[in-house]
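Counted the way our numbering counts, the sequence shown spans residues 186 to 613.
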Amino acid sequence: MTDEERAPETEEPASATPPDTKPEPRPGIVPRFARYLVTANNVMVTVYALVLSMVVGGILIILTNEEVRKTFTYFFAKPTDALSASWDTVASAYTGLFRASIVDPEDISKWLSGNESLTDVLYPLSETLTYAAPLILAGLAVGLAFRAGLFNIGAEGQVMVGAVAAGIVGFQVHAPFLLHIVLVLAAGMIAGGIYGAIPGILKARTGAHEVITSIMLNYVAINFLSWILNLGWVKDPKQPEQSYAVDGNARMWTIMGSDNRANIGIIVAVAAALGVWWLLSRSTAGYRMRAVGLNPEASRTAGMSVPKTFMMTMATAGVLAGLAGALAVAGSGAPYALSRDVSANMGFDGITVALLGRAKPGGIIAAGFLFGALRAGSSQMQDLVPIEMVIVLQAVIVIFIAAPALVKALLRLREPAGGLSISEAKGW
């Protein structure tokens with residue numbers, strides 16, 4: 186038999202697709218979006234956490250309203266009264282929150298008819314921006330430390346020290362308009378940076394935990410503020426427990442009319458957030474921070490100085506918190522002076538803002554606006570519910586944000602490809 190006769194017959198290549206079947210169509214935009222909505226990713230968990238917190242907040246509003254509770258005493262006899270009263274109360278509370286923090290439709294109608302000025306229309310938004318600016322900066326101070334595996338619980342003290350330095354420069358130094366503002370902001374940043382660096386140095390050199398040292402430094406800052414307010418060259422004799430007011434040249438200029446409090450502080454806060462974004466995503470120092478936050482041992486093996494990164498991170502966080510303190514003195518409106526409550530707990534609220542924003546600059550900006558709106562709108566909500574309800578609502582938001590597994594379980598969301606994640610400090 187010849188070689189040609191022994192040669193096997195040429196086999197036809199196997200078809201990748203059986204002749205009787207058709208390739209499955211790729212999912213379109215709508216199915217892909219629907220799948221995204223039911224997945225426990227960071228964005229949807231945050232959105233659902235806000236929705237759930239509003240639902241829980243609505244239940245608490247009903248429970249704390251005496252008139253609504255009375256309608257439930259005869260619920261089975263006339264359930265429509267209880268349901269209607271509950272809906273009206275919750276809707277009025279959240280509508281009042283919107284009107285007092287964003288815009289009131291009635292004010293727009295009056296403005297269009299010429300019976301009200303644009304300044305009055307912008308007043309609610311102005312209040313929200315005024316509260317949001319220092320909250321964004323405080324949130325950045327906490328969030329930046331989170332990214333490096335640190336828990337900057339001392340932001341409250343850093344805000345106070347920054348406010349003290351900014352206030353002293355504001356009423357003791359006399360300079361031209363723009364220069365004076367720059368000096369005030371710089372004083373707050375430098376003081377906050379030095380104070381923030383202390384727990385970083387202690388952790389790097391002695392291993393002292395930053396949570397313990399920063400908590401103690403908060404108490405030091407509180408007592409330091411109380412002491413300095415009693416000094417003769419600081420205390421205003423005309424105002425009890427208050428310093429002299431900062432000069433007019435040292436005050437942030439307004440951006441929504443002279444009668445509204447919104448000022449360039451919000452621009453400074455957003456610019457700082459952009460700077461933090463660049464630091465974390467585009468710089469070598471930011472890369473070291475993120476690497477140390479993810480795995481300090483691996484970073485040390487790779488040749489990175491973990492102690493130096495700790496010190497630099499805490500100092501930078503202190504700079505941001507000190508800047509928030511400067512805005513609290515020179516940009517929040519009357520009295521433009523130091524007082525015992527100058528920080529208004531914004532350092533502690535910064536922890537909440539950082540958690541809600543997932544320790545990312547963009548998220549922190551959004552969270553700062555949200556909590557600024559809650560503060561601005563609380564004046565309208567207290568007509569229907571106790572003022573403490575706003576604090577309770579913030580706490581409920583934190584509970585859902587800090588526990589993504591809880592949101593996933595309640596709503597039966599799908600597990601994301603990379604698993605559930607939450608920004609956390611690994612220094613524990």
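Even glycine gets a Cβ: it sits at the ideal position worked out from N, Cα and C. Please read these numbers as outputs of a predicted model, since none were measured by experiment.
* To do: Output the distance between the C-alpha atoms of Leu297 and Leu591, rounded to the nearest integer angstrom.
  => 47 Å
* Pick out whichever of Asp305, Thr313, Val477 has its Cα sitting closest to the Cα of Arg560. => Thr313
* **Candidates Gln343, Ala382, His394, Thr398: closest to Gly373 by CA position** => Gln343
* To do: List in chain order: all unbroken alpha helix (DSSP H) runs of 4+ residues lying wholly within the region 487 to 542.
  => 491 to 515, 531 to 541
* How many Å lie between Gln427 and Ala511 at the Cα? -> 16 Å
* To do: Determine the closest residue to Thr256 out of Gly242, Arg217, Thr274, Val240, with distance taken between C-alpha atoms.
  => Thr274
* Quick one: what's Gln343 bridged to in DSSP? -> According to DSSP, which records beta bridges pairwise, Gln343 is partnered with nothing at all.
* So, is Gly352 buried or exposed, given that buried needs 16 or more other C-beta atoms within 10 angstroms? -> buried
* Asked: Which of the three DSSP states, helix, strand or coil, is assigned to Ser443?
  -> coil
* Asked: Ala454: which of Leu320, Ala587, Gly339 sits nearest, CA to CA?
  -> Leu320
* To do: Might you give, ordered along the chain, the residues of its own chain that have their beta carbon closer than 7 Å to the beta carbon of Asn226, omitting 5 neighbours on each side?
  => Pro601
* Asked: Where Ser524 and Arg332 are concerned, what is the direct C-alpha to C-alpha distance, given to the nearest angstrom?
  -> 32 Å
* Exposure of Leu598, with buried meaning 16 or more beta-carbon neighbours within 10 Å -> buried
* Asked: So, is Ala500 buried or exposed, given that buried needs 16 or more other C-beta atoms within 10 angstroms?
  -> buried
* alpha helix (DSSP H) segment containing Ser302, residue limits -> Segment: none, Ser302 is in no alpha helix (DSSP H) and carries neither H nor E.
* Asked: Where Val577 and Thr537 are concerned, what is the direct C-alpha to C-alpha distance, given to the nearest angstrom?
  -> 12 Å
* Comparing alpha-carbon positions, which option in Ala376, Thr280, Asp305, Gly324 lies nearest Gly547? -> Gly324
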